[in-house]
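Written below as structure tokens is the structure these notes are about.
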Amino acid sequence: MLQVTEIREHKEEYIKALAKRGLDSKADLEAVIRADEVRRSTQAELDETLSQSNKYSKEIGMLFKNGEVDKANAMKEKTVELKESSKKLQDQLNSAVEEMEQLLHNLPNIPHQSVPAGTDENDNEVVFEEGDIPVLGEQALPHWELAKKYDLIDFELGVKVTGAGFPVYKGKGAKLQRALITYFLDKNTEAGYTEYQVPHMVNEASGFGTGQLPDKEGQMYHVTGDNLYLIPTAEVPVTNLFRGDLLMHSDLPITCTGYTPCFRREAGSYGAHVRGLNRLHQFDKVEIVRIEHPENSYAALDGMVEHVKSILRDLKLPYRILRLCGGDLGFTSALTYDFEVFSTAQDRWLEISSVSNFETFQANRLKLRFKDQDGKNQLVHTLNGSALALPRVLAGILENYQTPDGIRIPDILVPYCGFDLIS
RNA sequence: GGAGGAAUGGCAGAGUGGUCGAUUGCGGCAGUCUUGAAAACUGUUGAGGGUAACACCUCCGGGGGUUCGAAUCCCUCUUCCUCCGCCA
Numbered sequence: 000m001l002q003v004t005e006i007r008e009h010k011e012e013y014i015k016a017l018a019k020r021g022l023d024s025k026a027d028l029e030a031v032i033r034a035d036e037v038r039r040s041t042q043a044e045l046d047e048t049l050s051q052s053n054k055y056s057k058e059i060g061m062l063f064k065n066g067e068v069d070k071a072n073a074m075k076e077k078t079v080e081l082k083e084s085s086k087k088l089q090d091q092l093n094s095a096v097e098e099m100e101q102l103l104h105n106l107p108n109i110p111h112q113s114v115p116a117g118t119d120e121n122d123n124e125v126v127f128e129e130g131d132i133p134v135l136g137e138q139a140l141p142h143w144e145l146a147k148k149y150d151l152i153d154f155e156l157g158v159k160v161t162g163a164g165f166p167v168y169k170g171k172g173a174k175l176q177r178a179l180i181t182y183f184l185d186k187n188t189e190a191g192y193t194e195y196q197v198p199h200m201v202n203e204a205s206g207f208g209t210g211q212l213p214d215k216e217g218q219m220y221h222v223t224g225d226n227l228y229l230i231p232t233a234e235v236p237v238t239n240l241f242r243g244d245l246l247m248h249s250d251l252p253i254t255c256t257g258y259t260p261c262f263r264r265e266a267g268s269y270g271a272h273v274r275g276l277n278r279l280h281q282f283d284k285v286e287i288v289r290i291e292h293p294e295n296s297y298a299a300l301d302g303m304v305e306h307v308k309s310i311l312r313d314l315k316l317p318y319r320i321l322r323l324c325g326g327d328l329g330f331t332s333a334l335t336y337d338f339e340v341f342s343t344a345q346d347r348w349l350e351i352s353s354v355s356n357f358e359t360f361q362a363n364r365l366k367l368r369f370k371d372q373d374g375k376n377q378l379v380h381t382l383n384g385s386a387l388a389l390p391r392v393l394a395g396i397l398e399n400y401q402t403p404d405g406i407r408i409p410d411i412l413v414p415y416c417g418f419d420l421i422s
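Counted from 1, the first sequence has number 277 at position 278 by numbering that gives the first Met the number 0; the numbering is strictly sequential.
Below, the structure written as structure tokens:
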């Protein structure tokens with residue numbers, strides 16, 4: 000959520016920046032400023048009324064104490080009118096605040112200056128590319144066929160038990176999955192991230208805190224009986240661990256990692272691009288989250304990018320990094336780098352990580368602040384990234400590591416798997 | 001699920017209708033002492049709105065009510081604790 004004071008001070012810059020998202024925000028921003036003006040003037044009027052009635056109350060108290068009952072009762076009558084007008088002003092204030100918040104909830108984050116303008120994924124900027132794309136023979140198969148051939152994943156069983164998009168991992172497929180999770184967590188904790196195991200369902204306040212609600216209501220599974228949401232990413236429960244906190248500057252940075260399954264409804268997309276592991280309703284992901292001093296957040300973002308790079312180097316997978324354009328940038332993000340692995344048998348890039356700086360956008364909703372060196376309370380910057388999302392990494396490994404003898408296991412994973420070939 | 005108790009500032013913990021936004025301790029910050037640090041001592045220190053700065057207003061788990069006046073009384077919701085029941 001954007002901050003009103005910032006909108007007031009930087010209206011023109013904000014309009015320009017939001018235009019990179021293809022958003023004409025002039026009317027909305029001005030409406031926010033207007034609602035805020037109404038809010039402030041109503042508040043001032045209300046304060047004045049309350050101040051007057053507080054004064055009367057104190058005097059009445061004194062009069063009673065001195066036994067001047069008649070005078071006190073006379074003064075009571077004076078407060079009647081004040082009470083009525085303060086009630087009316089309170090109602091006016093509430094509706095002004097509500098109107099302002101409604102508008103604010105629907106405004107996305109301000110893109111960082113380095114974010115390129117653009118309308119969709121075609122306008123994303125490739126900023127880095129590394130790793131050799133393997134040359135596979137004619138007989139190379141896409142991962143869903145390899146999964147079937149070696150009996151690693153059973154999509155039909157998932158359909159039977161739950162529905163499409165809920166795969167069942169079996170045997171070496173399940174073991175490889177577990178190996179990846181453990182390896183990612185080890186890698187992240189070695190880099191200083193503290194491991195957390197968090198709930199897989201969250202309440203409404205948490206969904207709001209990280210920005211999934213009300214914006215993406217329909218994309219989360221909603222447990223209506225208890226009004227809880229299945230998490231779409233560990234970002235939600237992990238970041239919300241700190242909701243409402245007032246930290247000390249010496250507490251920063253806070254760095255967390257956690258493995259969770261992720262649940263996404265993602266309705267309305269079918270066809271070749273969502274086959275196999277490409278898009279699922281339930282998938283596994285290891286997430287990293289950082290809570291940073293505003294001055295350090297972009298250095299931290301670079302650090303996260305380097306960290307994810309090192310994982311992909313370990314796995315020896317060919318990948319590239321994109322800087323998302325305004326049109327493809329998530330609602331809450333100021334700057335996002337997407338990592339994509341090249342899936343050789345499908346001849347396409349698959350997104351396996353998304354690393355973002357949210358600046359104060361989430362912190363403002365979370366009321367997550369810290370006391371800075373001058374003793375002032377400031378909003379923190381929050382960041383997160385996947386390190387990594389499992390299914391497409393698995394797809395990349397299956398496809399890129401396939402040989403006529405079977406699927407080789409990347410060296411780094413062999414100790415975690417206990418085997419080096421799937422045949 | 002049943003029966004009781006509780007929720008107060010970053011934390012701990014007083015306060016049961018009228019200078020209470022709240023005693024005190026810890027923590028934080030500043031200073032004295034010290035080569036420096038620790039200890040000790042002194043001072044300072046809740047949050048939000050508002051203002052050029054004051055003033056002023058709001059906030060004692062959330063919401064509602066009683067009253068001229070509520071941390072304090074009433075209703076309601078949530079959460080936590082104790083006991084009982086059920087259970088991996």
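Backbone N, C-alpha and C define an ideal beta-carbon position, used for all residues, glycine too.
Is it buried or exposed, residue i, if we count other Cβ atoms within 10 angstroms and call 16 or more buried?
i      : result
LYS15  : exposed
ALA298 : exposed
MET247 : exposed
ASP410 : exposed
VAL222 : exposed
GLN401 : buried
VAL235 : buried
THR232 : buried
GLU120 : exposed
PHE418 : exposed
PHE63  : exposed
ASN187 : buried
GLU8   : exposed
PHE154 : buried
Excluding five sequence neighbours on each side, which residues of the same chain lie with their C-beta closer than 8 Å to the C-beta of residue i?
i      : result
PRO293 : GLU358, THR359, GLN377, LEU378, VAL379, HIS380
PHE207 : PRO213, ARG364
LEU140 : LYS148, ALA344, GLU398, GLN401
MET99  : VAL3, VAL31, ALA34, ASP35, ARG38
Let me know the secondary structure DSSP gives residue i once reduced to three states.
i      : result
TYR13  : helix
ASN65  : coil
GLY157 : helix
GLN377 : strand
MET219 : coil
GLN112 : coil
GLN176 : helix
PHE183 : helix
Can you tell me which residues form a DSSP beta bridge with residue i?
i      : result
GLU137 : Paired residue(s): none; GLU137 is not in a bridge.
ILE59  : DSSP output for ILE59 lists no bridge partner at all.
ARG319 : GLU128, GLU339
ILE287 : THR256, GLY384
GLU194 : THR256
MET99  : Its beta-bridge partners do not exist; DSSP assigns none.
ILE406 : GLN401, ILE421
SER40  : None, per the DSSP bridge assignment.
CYS324 : In the DSSP output, where bridge partners are listed per residue, CYS324 has none listed.
PHE282 : CYS261
ARG368 : LEU245, LEU378
May I have the straight-line CA-CA distance separating residue i from residue j, to the nearest angstrom?
i      : j      : result
HIS111 : VAL197 : 31 Å
GLN511 : ALA386 : Since the displayed the chain opens at 0 and closes at 422, residue 511 lies outside it and no answer follows.
PHE262 : TYR220 : 7 Å
ASN423 : ASP69  : Any question about residue 423 goes unanswered here, given that the chain covers just 0 to 422.
ILE408 : PRO260 : 23 Å
LEU321 : GLU339 : 8 Å
ILE253 : SER50  : 43 Å
GLU423 : HIS306 : No answer is possible for residue 423: the residues shown for the chain start at 0 and end at 422.
HIS280 : THR48  : 55 Å
ARG438 : LYS10  : This structure leaves residue 438 out entirely; the chain is present only between 0 and 422.
LEU135 : ASN399 : 8 Å
ARG368 : TYR192 : 20 Å
SER309 : GLY384 : 14 Å
GLY130 : GLN211 : 35 Å
Grab me the residues of residue i's own chain with a C-beta within less than 7 Å of its C-beta, minus the 5 sequence neighbours each way, in chain order.
i      : result
SER296 : ASN356, GLU358, HIS380, LEU382
VAL237 : TYR195, VAL197, CYS255, GLY257, GLU286, VAL288
VAL96  : ARG38
TYR182 : ILE411, LEU412, TYR415
SER422 : ASP404, GLY405
Can you name, in chain order, every residue of its own chain whose Cβ lies under 6 Å from the Cβ of residue i, other than the five neighbours on each side?
i      : result
LEU311 : TYR318
LEU17  : SER24
ASP122 : CYS324
GLN91  : THR41
ARG274 : TRP143
TYR228 : VAL201, GLY206, MET219, HIS221
PRO115 : GLU124, CYS324
Under 7 Å from any heavy atom of the ligand HEM, does the C-beta of residue i make it?
i     : result
ASP46 : For the ligand HEM, the structure offers nothing, since it holds no ligand at all.
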